[in-house]
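A.B. asks: Each residue of the sequence shown is one higher than the one before, counting from -7 in my numbering.
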Amino acid sequence: MKNKKIFLYTPSLHPGGVFNSNKLLAQGFAKKGYKVKIITNRKTDLEIDGFEHIHLNAGDFIRPFKLKKIILEEKPLAIFSNMQTQNISLALAKIFTSREKINTKFIGFVRNSDAYVKYNKFYKLPLRLIINKLYKKLDKIIAISNSAKYDVIRTFFLNDKNIYVVPNPIEISVLNELKK
């Protein structure tokens, strides 16, 4: 049987853009027949109904190891991470699983276009170079806009070969309601 597991990895579930985007992605993948699991760093009161949730409950250093364990046990088709910290944890998990025979795709989302403003200091150059190496480990990077794509390329010295622009999903019914 073909692997139909997709994991969405997010910092935590709070009302807002990342929550809404992950909810729509989870529902969309489920409609296509995929079994979707939501992985979060911490448990919150909010969950995406109808989906299994896995809470890592770990600090920055331990998260990649917990992700590795989950990935090796479940062997998902793909895991999508949201936000820079999760992208770094996911890239490290990929490095830690590199000796295993899994076909999981590791995909990071870039949702902001302010990295250059945050990291454009000479003393942050080593961190930018480390993030460059880690982002290159991801199979794909999805930017939600051209400005987010340009920002991640400029900030972390990446080429655009594996960076794709896919805007956030929107719920058409909400737009139709707003038109009334």
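Cβ atoms here follow ideal geometry from the backbone N, Cα and C, with glycine treated the same way.
Report the three-state DSSP secondary structure of Ile46 (helix, strand or coil).
C.D. replies: Strand.
A.B. asks: Tell me whether the beta-carbon of Glu39 lies closer than 8 Å to the beta-carbon of Leu64.
C.D. replies: No, Cβ-Cβ distance for Glu39 and Leu64 is not below 8 Å.
A.B. asks: Mark Tyr1 as exposed unless 16 or more other C-beta atoms lie within 10 angstroms of its C-beta, in which case mark it buried.
C.D. replies: Answer is buried; the Cβ neighbour count reaches 16.
A.B. asks: Classify Asn95: buried if its beta carbon has 16 or more other beta carbons within 10 angstroms, exposed otherwise.
C.D. replies: When all chains shown are included, Asn95 counts as exposed.
A.B. asks: In whole angstroms, what separates the C-alpha of Phe53 from that of Gln76?
C.D. replies: Whole-angstrom Cα-Cα distance: 15 Å.
A.B. asks: Mind the definition here: the stretch 104 to 111 touches the stretch 17 to 33 only if three or more C-beta pairs lie below 8 Å; say whether that holds.
C.D. replies: Verdict: no, contact absent.
A.B. asks: Can you give the Cα-Cα distance for Gln125 and Asn168, rounded to whole angstroms?
C.D. replies: According to the sequence provided, residue 125 is Lys. The question's Gln does not apply to it. Between Lys125 and Asn168, the C-alpha separation is close to 43 Å.
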